[in-house]
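One structure is given here, and the rest of the page talks about it.
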Amino acid sequence: MGRRIRRAGLALLVAAAAVPWASGAQQNPARELTESQRRLQEIRRERAQLRGELSRIRSRVGDVSAEIRNIQRQQQVSASLLREINLQMEETSRKIDETTREIARTQAELIEKKRMLHLRLRGIYKRGPLHSAQVLLSAQSFSDLLNRYKYLYIVARRDRALVGEVGELARELESRERELRRSFSDIQYLRNERAQENATLQELSSGRAATLSELRATERRTNARMETLARDERRLTGVIADLERRRRESERRAAAA
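Structure representation (structure tokens):
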């Protein structure tokens with residue numbers, strides 16, 4: 013506020029000094045010259061002060077601009093990582109769905125294998141003694157009977173082995189699904205961290221952009237004020253030259269008298 017008042021007063025003084033010389037008798041050229049020179053020094057001091065301020069503003073503009081560029085590079089890296097994480101999440105989710113479907117198929121197959129094994133074993137052991145007598149009565153030879161029983165038990169063992177294999181596969185698939193879900197949870201946590209980081213960078217970038225806008229506005233105002241002072245300085249320099257000329261003329265007239 014004080015600076016604006018001083019500037020307004022200085023402008024009025026410059027304007028007053030620029031008024032054409034009205035009455036040499038009423039004004040002392042030497043005193044007017046001294047006053048105009050004082051006002052000129054004030055203008056030059058303010059211009060020097062503004063040049064220093066402008067230099068600091070421009071330095072700050074450069075610093076903030078560099079900060080914004082650095083933040084933008086970080087945003088690009090963060091956005092790239094976020095895209096990669098999203099792709100990993102999609103791929104992991106797809107694998108989880110595939111594994112879940114495979115588990116369902118394997119469990120259905122396991123149920124069917126167990127059912128078939130149960131039926132086969134039940135048929136063998138339930139009819140064992142009676143069936144043995146029937147086989148003995150109908151067998152061509154004792155070796156034929158042994159071969160028939162051997163075949164039935166081999167089939168039963170094979171079915172039991174298949175049930176074990178399918179069961180092991182089901183357990184492996186379930187373990188794989190649990191691992192995939194843990195991986196998905198880890199990736200999701202990482203994604204949330206990156207998303208938060210990206211939001212923080214965006215907020216920081218917006219703040220720096222606002223600061224830069226304010227600095228540039230201050231720079232424009234300072235430049236405008238310096239241009240005004242430069243015009244005032246030129247005008248006052250002309251006034252001083254005119255006063256100097258009038259002072260010399262006054263001195264010559266006084267000497268001639």
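Each residue of the sequence shown is one higher than the one before, starting from 13 at the first, in the working numbering. Virtual Cβ for every residue (Gly too), placed ideally from N, Cα, C. The structure displayed is predicted, hence computed values, not measured ones.
Counted within 10 angstroms of its Cβ, other Cβ atoms place residue i as buried (16 or more) or exposed
i: residue 187; result: exposed
i: residue 111; result: buried
i: residue 241; result: buried
i: residue 248; result: buried
i: residue 198; result: exposed
i: residue 92; result: exposed
i: residue 54; result: buried
i: residue 148; result: Low per-residue confidence applies at residue 148: pLDDT is 45, beneath 50, and the placement is therefore not dependable, though the value from the model is reported in the following sentence. Exposed, by the Cβ-count rule.
i: residue 166; result: exposed
i: residue 185; result: buried
Minimum C-alpha distance to residue i - residue among the options
i: residue 67; options: 262, 204, 249 and 238; result: 238
i: residue 180; options: 264, 115 and 87; result: 115
i: residue 231; options: 265, 83, 74 and 46; result: 74
i: residue 51; options: 246, 264 and 257; result: 246
i: residue 84; options: 257, 265 and 211; result: 211
i: residue 44; options: 173, 253, 113 and 106; result: 253
i: residue 171; options: 204, 131 and 182; result: 131
Test item: CB-CB of residue i and residue j under 8 Å
i: residue 108; j: residue 202; result: no
i: residue 195; j: residue 118; result: no
i: residue 216; j: residue 72; result: no
i: residue 207; j: residue 99; result: no
i: residue 213; j: residue 48; result: no
i: residue 90; j: residue 191; result: no
Cutoff 8 Å; reference residue i; Cβ partners in own chain excluding five residues on either side
i: residue 175; result: 122, 125, 126 and 129
i: residue 200; result: 101
i: residue 193; result: 108
i: residue 76; result: 220, 223, 224 and 227
i: residue 178; result: 118, 121, 122 and 125
i: residue 38; result: Because the pLDDT at residue 38 is just 41, under 50, the model does not fix this residue reliably, and the value given afterwards should be weighed accordingly. Cβ neighbours of residue 38 beyond the five flanking positions: none.
i: residue 169; result: none
Same chain only: Cβ atoms within 7 Å of residue i, ignoring 5 sequence neighbours per side
i: residue 58; result: 241
i: residue 234; result: 62, 65, 66 and 69
i: residue 80; result: 217, 220, 221 and 224
i: residue 268; result: none
i: residue 236; result: none
i: residue 189; result: 108, 111, 112 and 115
i: residue 182; result: 115, 118, 119 and 122
Own chain, CB closer than 6 Å to residue i, minus 5 neighbours either side, in chain order
i: residue 87; result: 213
i: residue 260; result: none
Residue i: CB within 7 Å of a non-hydrogen atom of the ligand COA
i: residue 203; result: As far as ligands go, the structure on display features none, and thus does not contain the ligand COA.
Test: residue i CB closer than 8 Å to a CB of chain D
i: residue 55; result: Absent here is chain D; the protein component of the structure consists of one chain.
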